[in-house]
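A.B. asks: Anchor point for the sequence shown: position 234 equals 234 in full-length UniProt numbering, and the numbering is continuous, going up by one each time.
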Amino acid sequence: MRKQVKNILKLQMLQEIFNKNLNMTLKLPQIAVIGSQSSGKSSVLDQIIQKDFLPRGTGFITKCPIIINMRYCNSNVEYAEFSHILDKKFTDFILVKNEILNRMMVLTKKAFIVSKEPIIINYYSKNTFDLTLVDLPGLIKVPLDGQPSDIEKQVKEIIFEYTKDESSLLLCIICANMDLANSESLNICKKIDPEGKRTLGVLTKIDLMDLETDCTAILKNKNNTLLHGYIGVINRGQSDLNSSLTLVEAKKKENDFFKNHTKYKCFYPKIGSKFLIAKLNEIFHTLLVDKIPKLRKIIEDKIKDLERELDELGENVDINNDMVFTSVLQYCKIVEASLKNEEYISDKKFMFFSKNEDVFVVLIKSIFEKLKKMEFVFSGNLKEIIDNSNTFFIDESVFKHILKNRFKEFNDEIKKSCSEIFNIAISKINSVENYRFVNLAIEFNKITSDFLNLQYLRLMETIQNYSEIQMSYFNYNHPDFSKVAIFSNVIQKIVRKKKNTALSLKFDPWNSLFGSKNAENISNENIYCDESFEYELVSKATDSYFTIIKKSMIDFSIKSCYFYFVESVITKLYAEICKKIDLLEKNIFIESIDVINRRKQIKNELTHLKKAYLVFDKDLKSENESFCSE
1 MRKQVKNILK LQMLQEIFNK NLNMTLKLPQ IAVIGSQSSG KSSVLDQIIQ
51 KDFLPRGTGF ITKCPIIINM RYCNSNVEYA EFSHILDKKF TDFILVKNEI
101 LNRMMVLTKK AFIVSKEPII INYYSKNTFD LTLVDLPGLI KVPLDGQPSD
151 IEKQVKEIIF EYTKDESSLL LCIICANMDL ANSESLNICK KIDPEGKRTL
201 GVLTKIDLMD LETDCTAILK NKNNTLLHGY IGVINRGQSD LNSSLTLVEA
251 KKKENDFFKN HTKYKCFYPK IGSKFLIAKL NEIFHTLLVD KIPKLRKIIE
301 DKIKDLEREL DELGENVDIN NDMVFTSVLQ YCKIVEASLK NEEYISDKKF
351 MFFSKNEDVF VVLIKSIFEK LKKMEFVFSG NLKEIIDNSN TFFIDESVFK
401 HILKNRFKEF NDEIKKSCSE IFNIAISKIN SVENYRFVNL AIEFNKITSD
451 FLNLQYLRLM ETIQNYSEIQ MSYFNYNHPD FSKVAIFSNV IQKIVRKKKN
501 TALSLKFDPW NSLFGSKNAE NISNENIYCD ESFEYELVSK ATDSYFTIIK
551 KSMIDFSIKS CYFYFVESVI TKLYAEICKK IDLLEKNIFI ESIDVINRRK
601 QIKNELTHLK KAYLVFDKDL KSENESFCSE
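1) Please report how far the alpha carbon of residue 237 lies from the alpha carbon of residue 207, in whole angstroms.
2) Find out if the Cβ-Cβ distance for the pair residue 164, residue 152 is shorter than 9 Å.
3) Return helix, strand or coil for residue 591, following the three-state DSSP convention.
4) Would you check if the distance between the CB atom of residue 169 and the CB atom of residue 29 is smaller than 9 Å?
5) Using a Cβ-Cβ cutoff of less than 7 Å, which residues in the same chain neighbour residue 46 once the five nearest sequence positions on both sides are dropped?
6) Measure the CB-CB distance between residue 56 and residue 42 and report whether it falls below 9 Å.
7) In this structure, what does DSSP give as the bridge partners for residue 123?
8) Hey, could you find the ends of the beta strand (DSSP E) residue 31 is sitting in?
9) Can you look up residue 140 in the DSSP assignment and give me helix, strand or coil?
10) Going straight from the alpha carbon of residue 575 to that of residue 448, what length do you get?
11) Can you tell me whether residue 146 is buried or exposed? The criterion is at least 16 other CB atoms within 10 Å of its CB, across all chains shown.
12) Restricting to Cα atoms, I'd like to know which of 123, 283, 210, 537 is closest to residue 167.
13) Go ahead and pull the three-state DSSP assignment for residue 489.
14) So, for residue 306: in the same chain, excluding its five sequence neighbours on each side, which residues have a beta-carbon less than 8 Å away from its beta-carbon?
15) Going by beta carbon distance, what residues of the same chain come within less than 8 Å of residue 577, once the five residues before and after it are set aside?
16) How many whole angstroms separate the CB atoms of residue 112 and residue 60, which I take to be in contact at a CB cut-off of 8 Å?
17) Could you compute how far the alpha carbon of residue 614 sits from the alpha carbon of residue 300?
18) Check each candidate in 311, 213, 468, 371 and name the one with the smallest Cα separation from residue 178.
19) Of all the options 242, 201, 235, which has the alpha carbon lying nearest to the alpha carbon of residue 223?
20) What do you get for residue 712, buried or exposed, if any count of 16 or more other CB atoms within 10 angstroms of its CB means buried?
21) Could you check which residue in 411, 292, 260, 34 has the C-alpha nearest to that of residue 13?
22) Specify, as a first and last residue, the run of the beta strand (DSSP E) that residue 412 falls within.
23) Are residue 139 and residue 114 touching if we call contact CB-CB under 9 Å?
24) From the DSSP output, which residues share a beta bridge with residue 644?
25) Whole angstroms is fine: what's the gap from residue 539's alpha carbon to residue 481's?
26) When burial is assigned at 16 or more other CB atoms within 10 Å of the CB, is residue 204 buried or exposed?
27) So what's residue 624 in DSSP terms, helix, strand or just coil?
28) Got a sec, what are the start and stop residues for the alpha helix (DSSP H) residue 574 sits in?
29) Hey, out of 425, 427, 442, whose CA is closest to residue 433's CA?
30) Any idea what DSSP makes of residue 561, helix, strand or coil?
31) Hey, quick one: how far does the beta strand (DSSP E) through residue 202 stretch, first residue to last?
32) Please report the distance separating the alpha-carbon of residue 554 from that of residue 560.
33) Give the secondary structure of residue 454 by DSSP, where H, G and I count as helix, E and B as strand, and everything else as coil.
34) Applying the criterion that 16 or more other CB atoms from any shown protein chain within 10 Å of the CB defines a buried residue, is residue 70 buried or exposed?
35) Rounded to the nearest angstrom, how far is the Cβ of residue 50 from that of residue 128, given a contact under 8 Å?
36) Spell out the partners DSSP gives residue 175 in its beta bridges.
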């Protein structure tokens with residue numbers, strides 16, 4: 001018994017510390033009361049609390065969870081406190097009931113709906129014992145006038161939310177005068193607790209059952225077996241309330257009923273609200289004992305996490321030259337890591353970080369890879385140009401004209417791709433942030449963006465120069481530009497078209513691709529002149545050479561983008577920022593208000609968590625020691 005009291009006191013002290021000083025909820029075991037409307041749920045709660053202050057009536061009364069922390073207090077004055085009203089004790093319990101109703105109106109905005117936000121009441125009395133009850137909204141099957149159509153779903157969601165903790169006990173209120181299979185409260189408890197390991201059934205309205213029927217089989221736990229079984233109770237009826245029957249008188253009336261009833265006296269004294277209270281007390285404190293080691297571990301882990309975060313936030317530091325240049329170096333490393341998608345953890349003093357996760361160097365390649373699949377066709381009339389030329393096979397000027405025409409569109413796409421990559425690089429830079437020194441990252445990002453703008457102009461100039469070089473000279477002796485292969489492919493294509501025609505061309509392809517129509521090296525013997533031949537030859541030759549240009553330009557552009565947007569940043573950005581550091585405002589090293597507030601909050605939480613942790617080893621001497629709020 002002494003150990004049980006000590007555990008209760010420790011948990012009460014912990015709960016008090018958490019509720020008043022920490023922005024955290026201490027999840028202690030609780031008894032969630034689940035029942036349908038008019039199941040007698042409120043009357044059962046009155047019997048357990050042994051005080052009548054919960055709202056009751058017909059229809060939809062409980063519109064939000066009501067958490068009642070029952071606390072034994074060795075004082076002649078009973079009182080209640082609300083978590084939403086600081087430093088006020090209610091000794092008039094009619095006012096407590098009114099405050100519950102008023103608070104429900106606030107939480108539901110005076111509408112006929114439910115709210116997930118709870119009303120938390122601490123009830124202190126020497127006539128009570130230590131329990132935490134949660135009065136949940138009653139289950140609804142048919143919405144009342146003014147209620148939303150999904151009110152049943154909303155109520156169930158609240159019940160699921162408040163019963164998901166495995167340390168909570170489900171107190172399932174069931175009307176004895178209805179078929180157990182149709183009990184909505186039992187059905188929902190089965191969904192939450194399929195094995196019935198943490199459910200206790202309470203049978204109400206036993207006195208209202210037909211004379212020929214009884215619930216003895218259920219009380220014996222034969223049907224729908226629950227680990228904690230079923231307990232029968234007799235509540236105050238409406239006539240009892242009208243006659244102002246007190247809770248003490250109601251308990252005596254209930255006791256007499258079970259003690260003398262033919263069918264139920266065999267269960268006495270393990271039946272009735274007195275036994276229910278004793279059973280709840282036993283189960284609740286078993287749950288508490290199981291919870292204490294877990295709570296200790298939770299608090300211990302939370303202290304470690306907060307100490308780690310505080311260490312990362314760091315303390316206020318004096319700004320000096322070493323710190324300034326170190327911050328530049330840290331920033332440059334983060335930028336480099338961001339561009340190359342490498343992991344780099346900034347020094348905790350500076351706290352630079354990047355939120356962009358795309359691989360920049362891969363993006364460069366992938367953007368240009370798209371160009372390889374794009375077609376860049378000649379926009380003019382190829383047949384007309386060939387007909388107007390005065391050479392046999394291909395006029396070189398025609399060849400160049402076609403290539404330059406196709407290259408113009410391709411070059412425009414190259415420049416668009418460079419612009420796209422530049423914009424991605426800028427977004428990479430702007431993704432670098434500093435949680436601690438917000439202005440520091442903003443100013444460094446501006447300098448880096450300006451630097452990248454300059455690099456972009458240089459890149460575009462380089463690309464333009466390389467484009468002009470490509471179009472200024474055509475290397476017909478390029479190893480990938482095979483005249484023999486071109487002629488062979490074209491002739492084979494023509495032969496396939498003219499299967500029954502002998503095609504014989506006698507020429508030297510190395511000298512005749514760009515030759516005169518009167519060239520001596522071309523024999524007129526057995527020449528078959530197909531009008532599509534020259535068209536096919538020009539198309540094949542320009543396609544072949546354009547592929548060479550395309551490959552060269554894409555390769556050069558990829559390397560250029562990497563050089564200007566990655567390599568130059570890595571090698572030159574540090575010097576660029578250092579050059580301009582003196583021009584920056586002095587407020588770049590002023591900590592953000594979020595960091596200042598967070599550091600203060602962590603220190604406060606650590607103070608109270610460490611105080612809470614000491615409670616586990618606290619020696620509580622008196623068995624009769626009680627915990628009353630001051």
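Even glycine gets a Cβ: it sits at the ideal position worked out from N, Cα and C. Since we're looking at a predicted model, the values are computed, not measured.
C.D. replies: Looking at the atomic coordinates:
1) 10 Å
2) Residue 152 sits away from residue 164, with the two beta carbons spaced by 9 Å or more.
3) coil
4) Taking 9 Å as the cut-off, the Cβ atoms of residue 169 and residue 29 count as close.
5) 52, 54, 247, listed in sequence order.
6) yes
7) 70, 80
8) 31 to 34
9) Judged by DSSP in its simplified three-state form, residue 140 adopts coil rather than helix or strand.
10) 11 Å
11) exposed
12) The residue from 123, 283, 210, 537 with its alpha-carbon nearest to that of residue 167 is 283.
13) helix
14) Counting only Cβ-Cβ distances below 8 Å, and skipping sequence neighbours, we find 602, 605, 606, 609.
15) 328, 331, 332, 444, 447, 448
16) That belief holds up - the Cβ atoms of residue 112 and residue 60 are roughly 7 Å apart, short of 8 Å.
17) 11 Å
18) Taking each of 311, 213, 468, 371 in turn and checking the Cα distance to residue 178, the smallest one comes out for 213.
19) Answer by Cα proximity: 201.
20) Nothing can be reported for residue 712: it is not among the residues displayed for the chain, which extend from 1 to 630.
21) 292
22) Run containing residue 412: none in the beta strand (DSSP E); it sits in the alpha helix (DSSP H), 396 to 430.
23) no
24) Any question about residue 644 goes unanswered here, given that the chain covers just 1 to 630.
25) Rounded to the nearest angstrom, the gap between the Cα atoms of residue 539 and residue 481 is 13 Å.
26) buried
27) Residue placement at residue 624 cannot be trusted, given a pLDDT of 44 that sits under 50; the coordinates are not used to answer.
28) 568 to 580
29) 442
30) helix
31) 199 to 204
32) Going from the Cα of residue 554 to the Cα of residue 560 covers about 10 Å.
33) helix
34) buried
35) 6 Å
36) In the DSSP output, where bridge partners are listed per residue, residue 175 has 204.
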